[in-house]
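Residue numbers for the sequence shown follow my numbering, so the first one is 654 and each next one is one higher. Where is the CB? At the ideal position from N, CA and C, for every residue including glycine.
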Amino acid sequence: MRNNAKKEKLYAVIGLGRFGFSLAKRLAEAGKDLIVIDRKETVINDAVTFTDNAYMMTDLSKENLRNVGIQNCDTVIVGIGSDFAVSVLTTMIVLQLGVPHVIAKALTEEQGCVLDKLGAEVVYPEREMGVRLANRLLAPRVMEYIALNDDISITEILIPDTVPEMTVQEMNLRQRYGLNIIAVKRGEEVTVDIRPQMQLHAPDILAVVGRHDQVNRFENDLQNRKKF
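1) Return the first residue and the last residue of the beta strand (DSSP E) that Met-709 is part of.
2) Quick check on Lys-659: buried or exposed, where buried means 16 or more other Cβ atoms within 10 Å of its Cβ?
3) Hey, Ile-835 and Ala-855 are a contact pair by Cβ (cut 8 angstroms); roughly how many whole angstroms apart?
4) First and last residue of the beta strand (DSSP E) that includes Val-747?
5) Put Gly-863 into one of helix, strand or coil per three-state DSSP.
6) Pairs of beta-carbons, one from the region 664 to 675 and one from the region 726 to 733, closer than 8 angstroms: are there three or more?
7) Identify which residue in Ile-746, Glu-762, Thr-761 has its Cα closest to the Cα of Val-755.
8) Do Val-862 and Leu-826 come within 8 angstroms of each other at the CB atom, strictly closer than that value?
9) Put Ile-756 into one of helix, strand or coil per three-state DSSP.
10) Would you say Leu-928 and Cys-766 are within 8 angstroms of each other, going by their C-beta atoms?
11) Beta-carbon separation of Val-752 and Ile-799 under 8 angstroms?
12) CA-CA distance, Phe-885 and Tyr-830?
13) Helix, strand or coil: which one does DSSP assign to Arg-839?
14) What separation, rounded to the nearest whole angstrom, lies between the Cα atoms of Ala-759 and Ser-806?
15) Decide if Val-776 is buried, meaning its Cβ has at least 16 other Cβ atoms within 10 Å, or exposed.
16) Give the range of the beta strand (DSSP E) segment to which Leu-663 is assigned.
17) Under a Cβ-count criterion, where at least 16 other Cβ atoms within 10 Å of its own Cβ denotes burial, should Thr-844 be classed as buried or exposed?
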């Protein structure tokens, strides 16, 4: 499973609900070594289509987790959402097994505080998806949104037909909005080689990084058809 010569990272996902399953599948598609665990046989039967290391486990004891190699993982994601007590116990066991990076799913701030005190990195999948949806509703040209922290995000913004073709230098997002273009999507192609004379036009999608207010101001100017 682990290729020591290449020092590939080993991941595990415990709990294959909607969040855990989609996460595990994406890691597998990226070619990562992966262990997945769930209590439901039907879910494990689906998981074997993308990993050979799929285990049905109704008892998440330290012995059982050690037997499938959890202690060898670099990152373990605990995606259990239906039973918080089991999530806490599993997170604690995984940490005790010496896994250096443990990520645990939380549904509420209270749950997050408990998991954080145990030493896990906490994620709130439902809340994050809600933020993404809200940003799409509030900014029609926003295609995707990734919050890096409370102030900074990476946002994909569609160039509308109302904006004439211009170069990166002419658009000058850094000076006008404090934004940096980190990638451009054009159809199925994506480029990160952003040069001043690169031509930009509809329906290109710009991936920009900057403060939320800067992104909103740029998107509002696009929406209001402001000339550059």
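For this structure:
1) If you look at Met-709, you'll find it in the beta strand (DSSP E) that goes 707 to 709.
2) Note that Lys-659 scores 44 on pLDDT, short of 50, meaning its location in the model is unreliable and no value can be drawn from it.
3) Contact flag wrong, Cβ pair sits at about 20 angstroms.
4) Secondary structure note for Val-747: it is in no beta strand (DSSP E), and the uninterrupted alpha helix (DSSP H) holding it is 737 to 749.
5) Under the three-state reduction of DSSP, Gly-863 is assigned to strand.
6) The answer is yes - the region 726 to 733 touches the region 664 to 675, with three or more Cβ pairs under 8 angstroms.
7) Among Ile-746, Glu-762, Thr-761, the Cα nearest to that of Val-755 is on Ile-746.
8) Judged by beta-carbon spacing, Val-862 lies beyond the 8 angstroms limit of Leu-826, meaning their Cβ atoms are not closer than that value.
9) Ile-756 falls in the strand class under three-state DSSP.
10) Residue 928 cannot be examined here, being either before or after the span of the chain that is shown, 654 to 881.
11) Not a contact, by the Cβ cut-off of 8 angstroms.
12) What the structure shows of the chain is the stretch from 654 to 881, and residue 885 is not part of that stretch, so it cannot be assessed.
13) In the structure shown, Arg-839 sits in a strand (DSSP, three-state: E or B).
14) Roughly 22 angstroms between the two C-alpha positions.
15) Around the CB of Val-776, 16 or more other CB atoms lie within 10 Å, so the residue is classed as buried.
16) It spans 663 to 667 - the beta strand (DSSP E) in which Leu-663 sits, taken as one unbroken run.
17) Within a 10 Å sphere around the beta-carbon of Thr-844 sit fewer than 16 other beta-carbons, which makes this residue exposed.
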